[in-house]
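> Take this structure first; my questions come after.
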Amino acid sequence: MRARLRSHWFVLLAGAVAVACSDANGPPESPGALPALNVVSGVPQTGVFEICKVGSAADFEIEIVANNPFHGSTVITKTERLLDGECKVVHTDTDGLSDVVTITEIIPTGFSLDFVEVLGIDGQGTVTSVIRPGPGVSGEITASKLGCVAIFHNVPEPELPCSDCRGGVTELTLRNNGPDAVIQVKAGKKIVFDEFVAAGAEFSFVGQGRDNKLGKEIKIRANGGPETKIHTSCSRPIGPGSVFGDFEVVEAFSKDGGRVCPAGQEEDCDDLCDAGKPRVAMMEFTGADCSATSNSQDPTKISCADFGVLPATVRIVASDKENPDDTRAKTWFDGTVALNGTFGIDATNAGANRLKANTWVHIYALDGTLLQSVKFHTSCSQPLELGDQFGSLSLVDFTPDI
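The sequence shown lines up with residues 790 to 1191 when you count with the numbering used here.
This is the structure in structure tokens:
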């Protein structure tokens, strides 16, 4: 599960030598010309810790450990939400005791931390330091009654390249828009995720099948309740922003397309036949047996029979007849195909413009032994979707008769 990106800024208030805000990892790196800090009016107020936000709204988690030599330590935790240009006082050191304040910014979606500018006052003037994001970023204040303002500057993250979903979904990040729950995700018969997820939190998982694909469909249960189904063959929209029940897609990756574009930007290929009847069906030889069959066609319209274990290289014959040796058969493909290789069931190989209603595919060992026989519908009276699996054959591309 992916953790949310956060930025950390640690402040220590202690009754010691009076110094201004500084970078504990060395001299601060200047980011060049600082933007106008119109969120800050005047100098920091002595004894007060204040945070400000520039660039986006964000949530902050705040932990204050008040150390009292007579009563021990008291831990106070709270959250604050700041809008762009807003400031809030999060702690006032009223008694001069040694307190530790930890500020954690939860980086907003679509933004990253640019830098944190710290304005400090120690009674002898105002000092500015700049802290760049990175592992262990911290700043220390080692003076009692020191006032400090930390301004978190965020910038939009660069837009990452994306494309249509192709070849099957391999990875998904979802947001739980429902209540806290133990969420289980199944891809086929495999459980790919089974953990507690808080309301509003994100969770991620990858496929465990060949090429890490999730298969045609995943099923999600929250606390053992009803199933939520999500189509993952790339034949239906699944980009970020897509909502399925209590679950919203935050990020998706596909085998051949990489990062999937947000919902509304990807092509809807729900029914490939909308573009016309098939002239070419590009298939991938996966080496699977008939139990791998997964598609939306009427089960009475398709068939699959296994007669042996499929080797790494086979001979495949695709035609419009159950008996490929029938003299009337139109042969759409006849050739040798290696495991995970692709081939085209192509009507033009038999002088036709489109495939017939039924296509039979016979898979042989190189010595001529029949190992698998598959029949599926190719006239568009039954749906065809990318990712459809018929025995050892997976539909990876489609060319209509236009």
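No residue lacks a Cβ here, since even glycine has one placed at the ideal position from N, Cα and C.
1) What do you reckon, is the C-beta of S1080 under 6 Å from a heavy atom of the ligand GTP?
2) Does DSSP classify N1129 as helix, strand or coil?
3) Determine the extent of the beta strand (DSSP E) in which V986 is found, giving its start and end residues.
4) Where do the N-terminal and C-terminal ends of the beta strand (DSSP E) with C954 fall, by residue?
5) Would the beta-carbon of D1123 fall within 7 Å of that of V1106?
6) Closer than 6 Å by C-beta to A987: which residues in its own chain qualify, once you throw out the five before and the five after it? Chain order, please.
7) Just to confirm my understanding: we take D1035, look at its own chain, exclude 5 residues before and 5 after, and list those with CB closer than 6 Å. What are they?
8) Determine the extent of the beta strand (DSSP E) in which A846 is found, giving its start and end residues.
9) Taking 8 Å as the threshold, find out whether the segment 941-958 comes into contact with the segment 977-986 through three or more Cβ pairs.
10) Excluding the 5 residues flanking P1113 on each side, which residues of the same chain have their C-beta closer than 6 Å to its C-beta?
11) According to DSSP, T881 sits in a beta bridge with which residue or residues?
12) Would L1159 and F1096 be called neighbours here (beta carbons separated by less than 7 Å)?
13) Does the distance from the C-beta atom of T1167 to that of L1184 stay below 7 Å?
14) Taking C1050 as the reference, which of S1031, K1066, F992 has the closest Cα?
15) Are the beta-carbon atoms belonging to R1104 and C951 less than 7 Å from one another?
16) So, with DSSP's three-state summary, where would you put R1104?
17) DSSP three-state label for R999, please.
18) For S845, which of A1141, F900, H880 has the nearest alpha-carbon?
19) Please classify F904: is it buried, with 16 or more other beta-carbons within 10 angstroms of its beta-carbon, or exposed?
20) Which residue's Cα is closest to the Cα of C937: P1172, V837, K867?
21) Report the residue from E1037, Q1171, I896, R1068 whose alpha carbon sits nearest the alpha carbon of A1052.
22) Can you give the Cα-Cα distance for R791 and V864, rounded to whole angstroms?
23) When DSSP labels each residue in this structure, what does P1051 get in the three-state scheme?
24) Within a Cβ cutoff of 6 Å, which residues of the same chain sit near D1000, ignoring the five residues on either side of it in sequence?
25) Between which two residues does the beta strand (DSSP E) holding N1147 run?
26) Give every residue of the same chain whose Cβ lies closer than 7 Å to the Cβ of D848, excluding the five residues on either side of it in the sequence, and list them in chain order.
27) Once you ignore the five residues that flank C1066 on each side, which residues in its own chain have a CB closer than 7 Å to its CB?
28) Short check: CB of S1024 to CB of A1094, under 7 Å?
29) Taking DSSP as the reference, what is the three-state secondary structure of A1139?
30) If contacts are defined as beta-carbon pairs under 8 Å, then Q1178 and A1081 qualify, I think. What distance do you get, rounded to the angstrom?
31) Given a threshold of 16 other Cβ atoms within 10 Å of its Cβ, counted over all protein chains shown, does A932 qualify as buried or as exposed?
32) Return the CA-CA distance between A855 and K1002, expressed in angstroms with no decimal places.
33) Determine the direct distance from the alpha carbon of E1040 to that of G956, and round the result to whole angstroms.
34) What is the DSSP secondary structure of A1081, reduced to helix, strand or coil?
35) Spatial neighbours of R795 within its chain, please: CB distance less than 7 Å, with the 5 preceding and 5 following residues excluded, ordered by chain position.
36) So, is the C-beta of S952 closer than 7 Å to a C-beta in chain C?
The short version:
1) Within the structure as shown, the ligand GTP is missing, as the structure has no ligands at all.
2) What you label residue 1129 is simply residue 340 of the sequence shown in a count that begins at 1. Reduced to three states, the DSSP call for N1129 is coil.
3) Position 197 of the sequence shown, counted from the start, is the residue given in the question as residue 986. Taken as a continuous stretch (DSSP letters only), the beta strand (DSSP E) holding V986 covers 979-986.
4) On the sequence shown, residue 954 is found 165 positions in, with the first residue counted as 1. No beta strand (DSSP E) holds C954; DSSP gives it neither H nor E.
5) Counting from 1 along the sequence shown, the entry for residue 1123 is found at position 334. Counting from 1 along the sequence shown, the entry for residue 1106 is found at position 317. Yes, the Cβ-Cβ distance between D1123 and V1106 is below 7 Å.
6) What you label residue 987 is simply residue 198 of the sequence shown in a count that begins at 1. Here the set comprises D969.
7) On the sequence shown, position 246 is the one that residue 1035 refers to. Within the same chain, D1035 has close Cβ partners N966, G967.
8) On the sequence shown, residue 846 is found 57 positions in, with the first residue counted as 1. Run containing A846: none; DSSP gives neither H nor E here.
9) no
10) Taking the sequence shown and counting its residues from 1, the one referred to as residue 1113 is at position 324. For P1113, where only same-chain residues beyond five positions count, the Cβ hits under 6 Å are V1106, H1151.
11) Position 92 of the sequence shown, counting from 1, holds the residue named residue 881. According to DSSP, which records beta bridges pairwise, T881 is partnered with V837.
12) Start at 1 with the first residue of the sequence shown, and residue 1159 comes out as number 370. Start at 1 with the first residue of the sequence shown, and residue 1096 comes out as number 307. Closer than 7 Å, so yes.
13) For the purposes of this step, residue 1167 is identified with residue 378 of the sequence shown, where counting begins at 1. For the purposes of this step, residue 1184 is identified with residue 395 of the sequence shown, where counting begins at 1. Their beta carbons are not under 7 Å apart, which means T1167 does not touch L1184 by this criterion.
14) On the sequence shown, position 261 is the one that residue 1050 refers to. Ranking the options by Cα distance to C1050, first place goes to S1031.
15) Along the sequence shown, one-based indexing puts residue 1104 at 315. Along the sequence shown, one-based indexing puts residue 951 at 162. No.
16) Mapped onto the sequence shown, residue 1104 falls at position 315. Looking at R1104 - three-state DSSP - the assignment turns out to be strand.
17) As a position in the sequence shown, residue 999 is number 210, starting the count at 1. Note: R999 maps to helix in three-state DSSP.
18) Here residue 845 refers to the residue found at position 56 of the sequence shown. Considering only alpha carbons, the answer is F900.
19) Residue numbering aside, residue 904 sits at position 115 when the sequence shown is read from its first letter. Classification for F904: buried.
20) If you number the sequence shown from 1, residue 937 lands on position 148. C937 has its Cα closest to that of V837, out of P1172, V837, K867.
21) Here residue 1052 refers to the residue found at position 263 of the sequence shown. The shortest Cα separation from A1052 among E1037, Q1171, I896, R1068 belongs to E1037.
22) Sequence index remark: in the sequence shown, residue 791 carries index 2 (1-based). Sequence index remark: in the sequence shown, residue 864 carries index 75 (1-based). Below a pLDDT of 50, predicted positions are generally treated as unreliable, and R791, at 37, falls in that range; the measurement from the model is reported next regardless. Taking the straight line joining both Cα atoms gives about 28 Å.
23) The residue given as residue 1051 occupies position 262 in the sequence shown. It is coil, neither helix nor strand.
24) Here residue 1000 corresponds to residue number 211 of the sequence shown, with the count starting at 1. For D1000, where only same-chain residues beyond five positions count, the Cβ hits under 6 Å are K1044.
25) What you label residue 1147 is simply residue 358 of the sequence shown in a count that begins at 1. First-last of the beta strand (DSSP E) with N1147: 1147-1153.
26) Numbered from 1 along the sequence shown, position 59 holds the residue referred to as residue 848. Closer than 7 Å at Cβ, skipping near neighbours: T868, R870, I895.
27) In the sequence shown, the residue the question calls residue 1066 occupies position 277. Correcting the residue identity first, residue 1066 is Lys in this sequence and not Cys. These residues qualify, in order along the chain: R1143, S1168, C1169, P1189, D1190.
28) Counting from one through the sequence shown, the residue named residue 1024 turns up at place 235. Counting from one through the sequence shown, the residue named residue 1094 turns up at place 305. It is not a contact, given that the beta carbons lie outside the stated cut-off.
29) The count along the sequence shown starts at 1 and reaches residue 1139 at position 350. Of the three classes helix, strand and coil, the one that applies to A1139 here is helix, per DSSP.
30) For the purposes of this step, residue 1178 is taken as residue 389 along the sequence shown, with counting starting at 1. For the purposes of this step, residue 1081 is taken as residue 292 along the sequence shown, with counting starting at 1. Right, the Cβ-Cβ distance comes to about 5 Å (below 8 Å), so this counts as a contact.
31) Taking the first residue of the sequence shown as position 1, residue 932 is located at position 143. Unreliable placement is indicated for A932, whose pLDDT of 35 sits below 50; the coordinate value is still reported in the next sentence. Classification of A932: buried, given that the 10 Å Cβ count is 16 or more.
32) Counting from 1 along the sequence shown, the entry for residue 855 is found at position 66. Counting from 1 along the sequence shown, the entry for residue 1002 is found at position 213. Using only the alpha carbons, I get a separation of about 51 Å.
33) Along the sequence shown, read from residue 1 onward, the residue named residue 956 stands at position 167. Along the sequence shown, read from residue 1 onward, the residue named residue 1040 stands at position 251. Roughly 16 Å separates the two Cα atoms.
34) Counted from its first residue, the sequence shown places residue 1081 at position 292. Reduced to three states, the DSSP call for A1081 is helix.
35) The residue given as residue 795 occupies position 6 in the sequence shown. With a pLDDT of 49 at R795, under the threshold of 50, the modelled position of this residue cannot be trusted, and the question is left open.
36) Absent here is chain C; the protein component of the structure consists of one chain.
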